[in-house]
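Residue numbers (full-length UniProt numbering), protein chains in the order written: chain A, 1 to 327; chain B, 1 to 327. All C-beta atoms in this analysis are idealised placements derived from N, C-alpha and C, irrespective of residue type, glycine included.
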């Protein structure tokens, strides 16, 4: 069987068209975002929406629960959909909801989305106070049940403390190194070394605000950055987390940034002049273009085995080790 | 492997003591009540409480999801716990919550608990209008995902319509024939024939209000009733659903009867003079006494194979056929 292709972060305006493009692009598994600022009940409504899609498109997609489901996807010519939260709002203040959501299929949870949460500090706050009391308890519980700690939108100290406190490897599902492009959302070398030396995974983002030169970023620039990351951190810790937000209206990026927490518009990585979603680079329009990235990686000197590792084998190994109860 | 022992309804004040008594009594599987009048969120809190018990007592109990888990219980010397609702209040007015609860392990749901619900009519209402529009949709959805329709507390017409509308066999998990003891909660011969000729199961109740002579009912009387039921309906459709409410304070029976729906105390099967839980018959104190029932069945003339069928094999076959998605 060919190596799997896994995209470890998307939040699209889901439709049959997109599910068909996943098949066209040979994407075997996608980690999809279920919630940003949703309450428990609202997050369950989003899971219900996915149940409906699974019922409507059983020949294209199914709910992924374990690493084995990636093979099942390959064997049946479908895409396995793995759930994640970009913010812990769905667990509210109830640690018991970690296991409940794991039972419902949630496999990743960010401890914070840009702002301070009940668990940790986000990358847009001025002061980073690290893991809270509740945050430490939740990390332990996520370790126990097999839910991956994702620190993509978290601040530096909080991320280091999560790596330290977690007994299992964590993930930064969608971000790039700050040494390549100094966005607030990109990660310091210190964080990336702590992440990768502890068995954690970095998913490279294709969201233009995380790219050097934004929407004009070239495939060569992106792949050269990955080559340098491989030199610094080893190839085994690297994968893709495209952050593809396909077909979303701009009201969604406003929801992602503002939720219900602000009465003053926060433009996040955008600005008052450019408040909407940025254009994707021409070489990565959507799920059909993963082959472009694989070709780009080969062009900058990665071996076939290394390309396979970054395009899916590494996430596969991580999924296999992460989604079940602690040994 | 010996035939399994399955009790298809209990609602105890759960404790390590009771879980140990399940092991002492050789009970391989128990269907436990998760909710009477709980909202969605409250029912999830009750599931969280069970998750905590599973974590605390992994050597005694685990969450049962499929019929195979009864064998797993036998092989590992534990009791498989299967979840059910006695009322549809946890799904509120949202059909999508049927699948969500199935994913969380809920395998039985009563369409109503004594009163009119959004789905059907309960056995204490004056007028029985059968399945509602929502009720028919929910029966179809329960059929699809593999959640068993339980009509133990439902009225006659509603029960007949549920049997008719359901494409899969249903259950009356805990009740007795009205021809033996004419309680409102016991079932008409018409209902029991419709139930059993369609592949459905009847679980005999040991709750004193459902017994002839109440707490004074003799084991022989109970088993003779089962023998007559076997003659009328065949042995294959019969099992036990004890309705054991062990160690519960009387406030719980008041909650079961009144929920939050009445400002005037409803005494249900009790009375102002005897508002609490009735005493169990001496020959069935708790989980340790299932052997007494098996012996009683043998004494009234059942063969060893028939005793095994009633004590667990019949529920086992029903579990195997009922808990997965529709074929």
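Between the stretch 276 to 285 of chain B and the stretch 212 to 222 of chain B, the count of Cβ pairs shorter than 8 Å is three or higher; the stretches touch. With a threshold of 9 Å between beta carbons, residue 56 of chain B makes no contact with chain A.
Residues of the stretch 72 to 102 of chain B whose Cβ lies closer than 8 Å to any Cβ of chain A, in chain order: 94, 96, 97, 99, 100. Any Cβ of chain B closer than 9 Å to the Cβ of residue 42 of chain A would place that residue at the interface, and such an atom is absent.
In the structure shown, residue 23 of chain B falls within a helical segment according to DSSP collapsed to helix, strand and coil. For residue 104 of chain A, the C-beta contacts it makes with chain B under 9 Å involve 100, 103, 104, in order along the chain. The distance from the Cβ of residue 174 of chain A to that of residue 241 of chain A is about 4 Å, consistent with a contact at the 8 Å cut-off. Residues of chain B with a Cβ closer than 7 Å to the Cβ of residue 47 of chain A are, in chain order, 100.
Proximity of residue 52 of chain B to chain A, defined by a Cβ-Cβ separation below 9 Å, is satisfied.
Secondary structure note for residue 258 of chain B: its alpha helix (DSSP H) is the uninterrupted segment 250 to 258. Annotation: the continuous beta strand (DSSP E) that includes residue 33 of chain A extends over 29 to 35.
By the CB criterion at 9 Å, residue 160 of chain B and residue 201 of chain B fall outside the cutoff.
DSSP places residue 316 of chain B within a helical segment (H, G or I) once states are collapsed to three.
For the stretch 96 to 163 of chain B, the full-length beta strand (DSSP E) segments reaching 3 residues or more read 106 to 110, 148 to 150 along the chain.
Residue 55 of chain A sits exposed, since fewer than 16 C-beta atoms from the chains shown fall within 10 Å of its C-beta. Its Cα nearest to that of residue 176 of chain B, the residue B/208 stands out among B/119, B/146, B/208, B/149.
Residue range 290 to 299 is occupied by the alpha helix (DSSP H) that includes residue 296 of chain A. Per DSSP, the beta-bridge partners of residue 177 of chain A are A/187. Cβ neighbours of residue 298 of chain A within its own chain (closer than 6 Å, five residues either side excluded): 307. Of the candidates B/326, B/163, B/44, B/291, the residue whose Cα lies closest to the Cα of residue 197 of chain B is B/163.
A distance below 9 Å separates the beta carbons of residue 57 of chain A and residue 19 of chain A. The three-state secondary structure of residue 91 of chain B, taken from DSSP, is helix.
In the three-state DSSP reduction, residue 54 of chain A falls in the helix class (H, G or I). Non-local C-beta neighbours of residue 178 of chain B in its own chain, meaning closer than 7 Å and more than five positions away in sequence, comprise 186, 187, 188, ordered along the chain. In the structure shown, the three-state DSSP call for residue 170 of chain B is coil. An exposed status is given to residue 234 of chain B, since fewer than 16 other beta-carbon atoms sit within 10 Å of its beta-carbon.
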